[in-house]
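Colleague:
Protein chains: 2
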Amino acid sequence: MTGNAKLVEHITARGADFGQWYTDVVKKAALIDYSSVKGCVILRPYAYAIWENIQKALDGMLKRTGHENVYMPLLIPESLLQREKDLVAGFAPEVAWVTHGGHEKLTERLCIRPTSETLFCEHYRNIIHSWRDLPKKYNQWCSVVRWEKSTRPFLRHREFLWQEGHTIHATADEAMRETLDMLDIYAELCEEWLAMPVIKGPKTESEKFPGAHSTYAIECMMHDGIGLQAGTTHYFEDTFARAFEIQYADKNNKMTYPFQTSWGVTTRLIGGIIMVHGDFSGRILPPRIAPVQVGIVPVAAHKEGVLEAASKLKERLLAAGIRADMDASDQSPGWKFAEYEMKGVPLRLEIGPRDLANGACMLARRDTGLKSPASLEGIETGIAGLLDDIQQGLLSRARENLKARTVSALSIDEMKARTEKGFIKSMWCGSGACEEAVKESTGMKSRCIPFEQERISDTCVCCGKPADKMLVFGFQY
Amino acid sequence: MTGNAKLVEHITARGADFGQWYTDVVKKAALIDYSSVKGCVILRPYAYAIWENIQKALDGMLKRTGHENVYMPLLIPESLLQREKDLVAGFAPEVAWVTHGGHEKLTERLCIRPTSETLFCEHYRNIIHSWRDLPKKYNQWCSVVRWEKSTRPFLRHREFLWQEGHTIHATADEAMRETLDMLDIYAELCEEWLAMPVIKGPKTESEKFPGAHSTYAIECMMHDGIGLQAGTTHYFEDTFARAFEIQYADKNNKMTYPFQTSWGVTTRLIGGIIMVHGDFSGRILPPRIAPVQVGIVPVAAHKEGVLEAASKLKERLLAAGIRADMDASDQSPGWKFAEYEMKGVPLRLEIGPRDLANGACMLARRDTGLKSPASLEGIETGIAGLLDDIQQGLLSRARENLKARTVSALSIDEMKARTEKGFIKSMWCGSGACEEAVKESTGMKSRCIPFEQERISDTCVCCGKPADKMLVFGFQY
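Residue numbers (the numbering used here), protein chains in the order written: chain A, 1 to 477; chain B, 1001 to 1477.
1. Does the segment 1387 to 1404 of chain B touch the segment 1189 to 1202 of chain B, meaning 3 or more C-beta pairs lie closer than 8 Å?
2. Could one say the Cβ of B:Cys-1121 lies closer than 9 Å to chain A's Cβ atoms, at least one of them?
3. Against chain B, does A:Tyr-48 count as a neighbour if the rule is that its beta carbon must be under 9 Å from one of theirs?
4. Using a Cβ-Cβ cutoff of less than 7 Å, which residues in the same chain neighbour B:Ser-1372 once the five nearest sequence positions on both sides are dropped?
5. Can you grab the Cα-Cα spacing for the pair B:Ile-1456 / B:Asp-1468, in whole Å?
6. Taking C-beta to C-beta, are A:Gly-211 and A:Phe-236 nearer than 9 Å?
7. Starting from A:Gly-227, trace the alpha helix (DSSP H) in both directions and tell me its first and last residue.
8. Would you call the segment 1343 to 1351 of chain B and the segment 1280 to 1297 of chain B in contact, with 3 or more CB pairs under 8 Å?
9. Does the separation of the CB atoms of B:Leu-1471 and B:Thr-1204 fall below 9 Å?
10. So, at 8 Å on beta carbons, what are the nonlocal neighbours of B:Lys-1038 in its own chain, with the 5 sequence-adjacent residues on each side left out?
11. Helix, strand or coil for B:Ile-1076 per DSSP?
12. Which full runs of the beta strand (DSSP E) of 3+ residues lie inside the segment 1124 to 1188 of chain B, going along the chain?
13. Roughly how far, in whole angstroms, is the beta-carbon of B:Tyr-1046 from the beta-carbon of B:Ala-1057, given that I think they are within contact range, below 8 Å?
14. Determine the DSSP secondary structure at B:Cys-1448, reduced to helix, strand or coil.
15. Please go through the same chain and pick out, in chain order, the residues whose beta-carbon is closer than 8 Å to the beta-carbon of B:Leu-1180, but skip the five residues on each side of it.
16. Classify B:Ser-1079 as buried or exposed, calling it buried when 16 or more other Cβ atoms lie within 10 Å of its own Cβ.
17. Name the DSSP beta bridge partners of B:Ile-1054, please?
18. Can you give the Cα-Cα distance for A:Arg-177 and B:Ala-1249, rounded to whole angstroms?
19. Return yes when the Cβ of B:Asn-1069 is within less than 9 Å of the Cβ of A:Glu-52, no when it is not.
20. In whole angstroms, give me the CA-to-CA distance for B:Val-1008 and B:Gly-1015.
21. Name, in chain order, the residues that DSSP records as bridge partners for B:Pro-1202.
22. Is there a C-beta anywhere in chain B that falls below 9 Å from the one on A:Glu-68?
23. The alpha helix (DSSP H) that contains B:Gly-1264, what's its start and end?
24. Tell me the residue span of the alpha helix (DSSP H) that contains B:Thr-1023.
25. Closer than 7 Å, Cβ to Cβ, to anything on chain B: give me those residues from the segment 86 to 109 of chain A, in chain order.
26. Please classify A:Thr-118 as buried or exposed, where buried requires at least 16 other C-beta atoms within 10 Å of its C-beta.
27. If you run the structure through DSSP and keep just helix, strand and coil, what is B:Asp-1059?
28. Give a yes or no on whether 9 Å exceeds the smallest Cβ distance from A:Ser-35 to chain B.
29. So if I threshold CB-CB distances at 7 Å, which residues from the segment 72 to 86 of chain A count as touching chain B?
30. Measure the beta-carbon distance from A:Ser-206 to A:Gly-432 and round it to whole angstroms, keeping in mind my assumption that it falls under 8 Å.
31. Please report the straight-line C-alpha distance between B:Gly-1378 and A:Pro-197, rounded to a whole angstrom.
32. Grouping DSSP H, G and I as helix and E and B as strand, with all else coil, what is A:Phe-337?
33. Going by Cα to Cα distance, which pick from B:His-1302, B:Asp-1033, B:Phe-1154, B:Ala-1170 is closest to B:Asp-1133?
34. Can you have a look at B:Leu-1110 and say buried or exposed, based on whether 16 or more other CB atoms are within 10 angstroms of its CB?
35. For the putative contact between B:Ala-1290 and B:Val-1265, defined by C-beta atoms under 8 Å, what is the C-beta separation to the nearest angstrom?
36. Residues of the segment 304 to 315 of chain A in Cβ contact with chain B at a cutoff of 9 Å, in chain order, please.
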């Protein structure tokens, strides 16, 4: 590896303390800064640019599948939040309350949205009257506030950015299909863009969203074997429609309750990318969402023609739709190498006087550290191919890690005996008490009931009674 | 015109009551819905899509000029807001206060950002140490909250969407240049994209932003002659740097205060577009930011081949980069015509069995109401040309209105004698008392001191003393 030792030594070794390694990589690589309000962080340009690339990818998928963006208010009156009893029970302990506007005390407290089901319901009640008005497939990009006790960069903030989709349909079937379609879109986002393999399936009763009939999740595994719930979709049946009195006249002019869904992913995905792909030199960003795909470092930049050639190369790559950047500062090449590595730039391009004479340059892959010379002629095609390779390589590597760290267990003792962190597949009778007992004994929560089921045994990992569901357990961030 | 009388009769005549016409157009054409919190509205899909197009245009210009997007927290501690005395005096009366997180009372109140200068200053203090760290040219897209007493759709909300740029520079000259460059970018956005002509220039002392050394504005005129401040840029000198103790080591290693700017435009621009271009049938959207540029209406859609031909045409236009939509519902063509007109779709394309037989269709311009037949062969080029024409036509029409409604006045009596609303150019001695006296007598506020000065007379419109500045007055939304 070409990293500059003076810079990288600041990063805690990933194997020694994964948590501290993560904090170092996030803070030292200028992704975030802390504000004076605990848990409310500043997303610095590089972090926000990653989010913009995620937004662009997902927003495109949502629009192609007929979703429209809207913007709902930030503030929810207390009485509105209380309309659906499970939702209020789930969120009331962790909302921020506005009590004063200017110098005046408000007649009713307003909370800052922790999620916007109530606002969408109020709006749907206003605009949905006939079967002609259905479905509505709305989405919004915004921030939400949840007054969490403990926080961690990207994974758990008091304020975070997300998208929340809220749809409403004439039939239960259609709403259920939407719930599952959105899960597929989230899986596609994670696997195809973020190179993060997922396990898909419903959450258990005890892990579902407050007020939902059922919740589905994509579950990812971080490099250290700990799980991250990367996205969820919820099917509400007609519970919210009944609580908010949303009714429409069907084709026979009969007043009917519609069916709803909601679904969201957040900036926590950025934390996931770092924890899945990062290494001892810092981050590694999947090329498809990396703000900078190729970092150009002029070597012996003072020599005639080097800077000009590097600039020209940058323009060529930009023209070919490759996100290229050049560090023309007066720092040393070694410093620049370490900086691009820490930032997670997938490919580094070095060009110096000797390369110029040969009509070539050097390419260094961030994922494998391998360096190889490349001719400048037609380099755009070569680079595009390498970026694809890196994208695929990161996904394969993460898939291998997921596979290697996923085992089966037939009993709680077997689960407890496991020393390496990871996912554990086990049979489950379906009882909440058994799920809770596993959590109590092992510290692991259920991740989901994977769609891809296996028959590991015939009996529940906890109570030994007949069991026909395979449930995946794991520690979580 | 082809409007369906049954639909359009709901819109108040624009000449009779411009304010009510505006409310009708905004509400009936499904741009917004009201929430249960006064002044906090829902931006419905069509309104949000206009905002997305404005964002895309402006974000592109900002990135091309070296600006980076970031995200700052929503909440500001009271003590942080109070660091700069003018800013807190300006905003404290209209901020919303968070006093509780979950069930606990906070030790310090937090306000929801009314603007983010204080947060950017705190962050700049953390990250700026050396001349190498300058400049920083940051921007954020977010919502802000200002607890206004009276509200009006798009023009004045308690919560609104905007972008706020915040930059920091080594020299006063560079910061001042940024302030003026951003004003030019706002003018370009308004004129080239929104077809809204602007007057550019500094605001007077009494109209500048709290804490700013100077404020510059782009001022637009609505169709009824009333002014709208469409965007502002502020030069802060080193006032905020001193208040927040932001210092950097310059090249001689001397600790130095940097210079700052901020600038913003908001969703109020959507209100401006409607008020500048709308007519008795509803909105007219400039093609460059219209979510739908061409609305296709199949005529006699039950006849063989009509729907298929209309669909194929839509796909052709989409492939050519034209935002086309087709209304294939079972409503009558007349209903669809009125709907597209109300929505402000710049061009309507009608296609029926007779057109099909002739390999042609009918195109109706929203701005002039003129209909003309067009051959289907190469129609993409023809439509792109027509859209350009409409864009230019709207800008010219708005320029004519601005010109026709802008007059000069030599005295306050002359100003008061004016019956038609519009802008009044007049000479001004530079005293705040004279500016105030004009406002008291006429109800008109100063808009700005235009960069394009004229010498109307040699004496102040109010006090009669020597005057060398031309100031523009006008009523405002």
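Even for Gly, the Cβ is constructed at its ideal location relative to N, Cα and C.
Modeller: The answer reads as follows:
1. yes
2. no
3. yes
4. Leu-1363
5. 9 Å
6. yes
7. That residue, A:Gly-227, is in no alpha helix (DSSP H); its beta strand (DSSP E) goes 227 to 237.
8. yes
9. yes
10. Thr-1151, Arg-1158
11. strand
12. 1136 to 1145, 1159 to 1169
13. B:Tyr-1046 to B:Ala-1057, Cβ: 17 Å. No contact.
14. strand
15. Tyr-1216, Thr-1233
16. exposed
17. Answer is none; B:Ile-1054 lacks a bridge partner.
18. 60 Å
19. yes
20. For B:Val-1008, the pLDDT reaches just 48, beneath the cut-off of 50, and the residue's location in the model is therefore unreliable, although a value from the coordinates is still provided. The straight-line gap from Cα to Cα measures roughly 15 Å.
21. B:Tyr-1216
22. yes
23. No alpha helix (DSSP H) contains B:Gly-1264, which is instead part of the beta strand (DSSP E) from 1259 to 1266.
24. 1018 to 1028
25. Pro-93, Glu-94, Val-95, Ala-96, Trp-97, Val-98, Thr-99, His-100, Gly-101, Gly-102, His-103
26. buried
27. helix
28. yes
29. Met-72, Pro-73, Leu-74, Leu-75, Pro-77, Leu-80
30. 5 Å
31. 46 Å
32. helix
33. B:Ala-1170
34. buried
35. About 19 Å separates the two Cβ atoms, so there is no contact after all.
36. none
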